[in-house]
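If you read the sequences in order, they're chains A and B.
Be aware that the first sequence starts at 55, since it is given in the working numbering, and climbs by one per residue.
Be aware that the second sequence starts at 55, since it is given in the working numbering, and climbs by one per residue.
Structure, as structure tokens:
2 protein chains.
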Amino acid sequence: MTDFAATKDLFHLPEGIVYLDGNSLGPLPKTAAARVAKTVEAEWGQMLIAGWNKAGWMDKPMSVGNRIARLIGAEANSVAMGDTLSIKVYQALASALEMNAPRKVILSDSGNFPSDLYMAQGLCRTLGAGYDLKIVAPEQVHDAIDETVAVTLITEVDYRTGRKHDMAAITAKAHSMGALTIWDLAHSAGAFPVELAKAGADFACGCTYKYLNSGPGGPAFIYVAPRHQDRAQPALSGWQGHDAPFDFDITYRPAPGAERMRVGTPPILQLAALEASLDIWDSVDMNALRRASLGLTDQFIAGVEAACPTLTLATPRDHKDRGSQVSFRHPEGYAIMQAVIARSVIGDFRAPDILRFGFTPLFVGASEVDAAVATLADVMANDLWDRPEYKTRKKVT
Amino acid sequence: MTDFAATKDLFHLPEGIVYLDGNSLGPLPKTAAARVAKTVEAEWGQMLIAGWNKAGWMDKPMSVGNRIARLIGAEANSVAMGDTLSIKVYQALASALEMNAPRKVILSDSGNFPSDLYMAQGLCRTLGAGYDLKIVAPEQVHDAIDETVAVTLITEVDYRTGRKHDMAAITAKAHSMGALTIWDLAHSAGAFPVELAKAGADFACGCTYKYLNSGPGGPAFIYVAPRHQDRAQPALSGWQGHDAPFDFDITYRPAPGAERMRVGTPPILQLAALEASLDIWDSVDMNALRRASLGLTDQFIAGVEAACPTLTLATPRDHKDRGSQVSFRHPEGYAIMQAVIARSVIGDFRAPDILRFGFTPLFVGASEVDAAVATLADVMANDLWDRPEYKTRKKVT
Chain A
55 MTDFAATKDL FHLPEGIVYL DGNSLGPLPK TAAARVAKTV EAEWGQMLIA
105 GWNKAGWMDK PMSVGNRIAR LIGAEANSVA MGDTLSIKVY QALASALEMN
155 APRKVILSDS GNFPSDLYMA QGLCRTLGAG YDLKIVAPEQ VHDAIDETVA
205 VTLITEVDYR TGRKHDMAAI TAKAHSMGAL TIWDLAHSAG AFPVELAKAG
255 ADFACGCTYK YLNSGPGGPA FIYVAPRHQD RAQPALSGWQ GHDAPFDFDI
305 TYRPAPGAER MRVGTPPILQ LAALEASLDI WDSVDMNALR RASLGLTDQF
355 IAGVEAACPT LTLATPRDHK DRGSQVSFRH PEGYAIMQAV IARSVIGDFR
405 APDILRFGFT PLFVGASEVD AAVATLADVM ANDLWDRPEY KTRKKVT
Chain B
55 MTDFAATKDL FHLPEGIVYL DGNSLGPLPK TAAARVAKTV EAEWGQMLIA
105 GWNKAGWMDK PMSVGNRIAR LIGAEANSVA MGDTLSIKVY QALASALEMN
155 APRKVILSDS GNFPSDLYMA QGLCRTLGAG YDLKIVAPEQ VHDAIDETVA
205 VTLITEVDYR TGRKHDMAAI TAKAHSMGAL TIWDLAHSAG AFPVELAKAG
255 ADFACGCTYK YLNSGPGGPA FIYVAPRHQD RAQPALSGWQ GHDAPFDFDI
305 TYRPAPGAER MRVGTPPILQ LAALEASLDI WDSVDMNALR RASLGLTDQF
355 IAGVEAACPT LTLATPRDHK DRGSQVSFRH PEGYAIMQAV IARSVIGDFR
405 APDILRFGFT PLFVGASEVD AAVATLADVM ANDLWDRPEY KTRKKVT
């Protein structure tokens, strides 16, 4: 049983801030600075090139992947770290399409994160004749899976609304139609217990800088189900995924297992920060995390709905359909969020009208929820958002 | 004029080591630890999500790219940072093939780094019908460029021998045949002045963890010539290369210029280390660097040839054909290199028989060359390499 009052003390949180944006960029684990400094000074600085062996750098993509595996219900050695989520989406898509030829349809939904759709569009353009990305509404995904679909590309939790798909049901439907599945876990990994193996997922990928607290630009991960690992051919066939990278053959030959999804040299400084975070995550009871998360989102929904009648809930009320964030819609959402942020409650805005708040039990508790509700209520009741400086868009929102 | 006696003091080098492997992993700039710590603690820790605006994280791929540009003779705003070199090779190849349709041949050489060839093989497999990677010997590249070649994929400096291609001549030949060029600058950027714009190069890419001292897994870069920037279509079409990433459109629309070659969230900690290194590189006179480098490699060649008659020079004697490393061949190269490393002279081994030594004037001078020659001479003259512990292969060599 995880003591969530105690875990808060493991993160650095600036004084006076209520941070409800851990679903976008997780806060700094207190040990991360020292861990990164050790990697920079004692490893890079002192070991130099020998760090690849002595400090275990070369094995990090798989050893760290095994720590992610527990959080997402994946089998040992089925998760490889590296690159960005967009790249990992591309890898999974390219392999799945090849495995499921001659089918040529990728099915996704309009609630998917745009970069997943963009990567699919780019791959279809490269593949040419007949390859197509079909985008349906989120609620239509289950029914839209038919025998033309090669692979579904679904983000489990909608980045705007927090609506959670039923991974087991969609995966079962896909398999019944002969389709493969790719699950984007950007808003799932570290948000609640994910059960990839139990659901029978084929591929998955995710990032680590949100709920998993690895810092800005932390590495992504890719999951390949054990039954597919030796037949999934990497399209991005880089030397780190070669069976014998230091033989320097001129012909590519994939490594056994999920390790073939490695591409280039791994980002060792970013991985060090992630490892510091995983020192916390290793001991988190994921079921307890889910219970705490649902308690916080329930509390926030009830509080805001009572105090702010002009905000419209965008997040499902049913627990089984909810991730670990709560979103409200308002036409002036951007300005409202800037006013809330100016009062030290940090959420974010997603176009066109979404106010988004992430609930992360490791460092957010009931008192933070109360404070956030009170701030939002004050901003709305007194039209505090209606000022020019809150309406000027920043580059990153 | 750069004072290379003074620059040595800007790097952390372990006591007693002669480091001739800066062509594989450059040493730690003394300011990098503090720079990374600032990014971790004062930016990630204090600014949290606001760091993307306040700390300029979102702009780093292009602002840092402009600092790389000077070192490689590139125009302003033509270099984008991110991902790994293998990914950047794939991006350049995919765009070039599309621009030069209906040609389907990629021409490379057997001295190219294997990962470049692997990525090309993967892309050809994805593209299918008729796409082909043609690999010739390095000395045959110029003559092998004919009107069937869509694009040449050439690493300017051979990672094993240090042999340097004539970028201007090959680029001119390619253009005369209607082919495009991609230059891999892994062993060029920071090794000598590169003149991409002057040579008329079409695309280039490179890594930063070798001569450019960005640390293990530092980000790669891609160059797109200004004349191609708005017609090069990204195959890896990620949201960071979208014209308006925070509009969250569901359809990809590339950003203007080279920025479209960005893919996912940039690795901010690795970029911070690179920026510390660029604080040094910004003031380096690249022509003076080249003069110093040639002096060091000449000195090393002369010393080793005089002292070690059983080692065979693999690096060209002619300055115009030489990068910034010197390689010798020997059937027992692996064991010899381990014996040399055990005596604190750090070079590396490349299969099947190459002893490789990198010369990096920023922190290597004539006295280090003398020490390395003396150590290698001692190892060879007294067969000090002929011990079982030097013959056991490590994972990373």
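Built from N, CA and C at the ideal position, the CB exists for glycine as well.
As the structure is a prediction and not an experimental result, all values here were calculated from the model.
| Mind checking serine 381(B): buried by the 16 CB within 10 Å criterion, or exposed? | buried
| query | Is proline 370(B) helix, strand or coil by DSSP? | reply | coil
| task | Name the one or two DSSP bridge partners that arginine 404(B) has. | result | Beta-bridge pairing links arginine 404(B) to Ile408(B).
| task | Starting from glutamine 379(B), follow its DSSP beta bridges and name the residues at the other end. | result | Gly412(B)
| task | Using a Cβ cut-off of 9 Å, pull out every chain A residue sitting near alanine 368(B), in sequence order please. | result | Within chain A, no residue comes near alanine 368(B); the closest Cβ sits about 14 Å away, beyond 9 Å.
| Residues that methionine 173(A) contacts on chain B, provided the C-beta gap is smaller than 8 Å | Under the 8 Å cutoff, chain B gives Leu290, Ser291, Gly292.
| said: I believe serine 378(B) touches alanine 279(B) by the beta-carbon criterion, under 8 Å. Please report the beta-carbon distance rounded to the nearest angstrom. | reply: That pair is no contact at about 25 Å.
| task | Return the CA-CA distance between proline 115(B) and arginine 316(B), expressed in angstroms with no decimal places. | result | 8 Å
| query | From histidine 282(A) to aspartate 375(B), what does the alpha carbon distance come to, in whole angstroms? | reply | 47 Å
| From Lys218(A), Gly419(A), Ile334(A), Val433(A), pick the residue whose C-alpha is nearest to that of arginine 371(A); which is it? | Lys218(A)
| request: Answer yes or no: does any C-beta atom of chain A fall closer than 7 Å to that of glycine 176(B)? | output: yes
| said: Am I right that isoleucine 160(B) and lysine 188(B) are in contact with their C-beta atoms under 8 Å? What's the rounded C-beta distance? | reply: 7 Å
| query | With DSSP run on the structure shown, which of helix, strand or coil describes histidine 296(B)? | reply | strand
| For the stretch 117-147 of chain A, which residues have a beta carbon sitting closer than 7 Å to at least one beta carbon of chain E? | You won't find chain E in this structure, because its protein chains are A and B.
| task | Could I get the ranges of all uninterrupted beta strand (DSSP E) runs contained in the stretch 213-290 of chain A, with 3 residues as the minimum, in chain order? | result | 234-238, 257-260, 275-278
| field | Residues near valine 90(A) in its chain [Cβ-Cβ closer than 7 Å; skip 5 each side] | value | Leu323, Ala326, Ala327
| task | Please name the residue or residues paired with leucine 65(A) in a DSSP beta bridge. | result | One point to set straight first is that residue 65(A) is phenylalanine, not leucine, in the sequence displayed. Note: phenylalanine 65(A) sits in a beta bridge opposite Pro83(A).
| leucine 171(A) versus serine 162(A): straight-line alpha-carbon distance, rounded | 8 Å
| query | With a CB to CB cut of under 8 Å and the five nearest residues on each side skipped, what residues in its chain are close to valine 433(A)? | reply | Ile390, Ala393, Val394, Arg397, Trp439
| Ends of the beta strand (DSSP E) at leucine 102(B)? | Segment: none, leucine 102(B) is in no beta strand (DSSP E) and carries neither H nor E.
| field | Contact list for phenylalanine 411(B) against chain A, beta-carbon separation under 9 Å | value | Per Cβ cutoff of 9 Å: no residues; phenylalanine 411(B) is ~12 Å from chain A at best.
| Range covered by the alpha helix (DSSP H) that runs through isoleucine 334(A) | 322-335
| Quick one: any contact between the stretch 95-107 of chain A and the stretch 215-235 of chain A, if contact means 3 or more CB pairs under 8 Å? | no
| query | Is proline 442(B) helix, strand or coil by DSSP? | reply | helix
| Along the chain, where does the beta strand (DSSP E) that runs through alanine 128(B) open and close? | Premise fails: alanine 128(B) is in no beta strand (DSSP E) and is neither H nor E.
| said: Measuring only the C-alpha atoms, how far is glutamate 386(A) from alanine 405(A)? | reply: 11 Å
| query | With 16 as the cutoff for other CB atoms within 10 Å, does arginine 314(B) come out buried or exposed? | reply | buried
| message | Which of the three DSSP states is assigned to leucine 161(B) in this structure? | response | strand
| task | Return the CA-CA distance between glutamate 252(B) and alanine 253(A), expressed in angstroms with no decimal places. | result | In the sequence as presented, glutamate is not what sits at residue 252(B); that position holds lysine. For the pair lysine 252(B) and alanine 253(A), the Cα-to-Cα distance works out to about 56 Å.
| query | Which residues, in chain order, does the stretch 67-81 of chain B contribute to contact with chain A at a C-beta distance below 7 Å? | reply | Pro68, Tyr73, Asp75, Ser78, Leu79, Pro81
| request: Would you kindly check if the distance between the Cβ of threonine 235(B) and the Cβ of threonine 202(B) is under 7 Å? | output: no
| request: Go ahead and pull the three-state DSSP assignment for tyrosine 306(A). | output: coil
| Of all Cβ atoms in chain B, is any one closer than 7 Å to the Cβ of alanine 204(A)? | Taking Cβ atoms only, chain B never reaches closer than 7 Å to alanine 204(A), which makes this a no.
| field | Cβ of glycine 401(A) within 7 Å of any chain B Cβ | value | No, its Cβ sits nowhere closer than 7 Å to a Cβ of chain B.
| query | Do you know how far the Cα of aspartate 402(A) is from the Cα of arginine 383(A)? | reply | Arginine 383(A) and aspartate 402(A): Cα-Cα distance of roughly 12 Å.
| query | Taking three-plus beta-carbon pairs below 8 Å as touching, is the stretch 69-80 of chain A in contact with the stretch 416-427 of chain B? | reply | no
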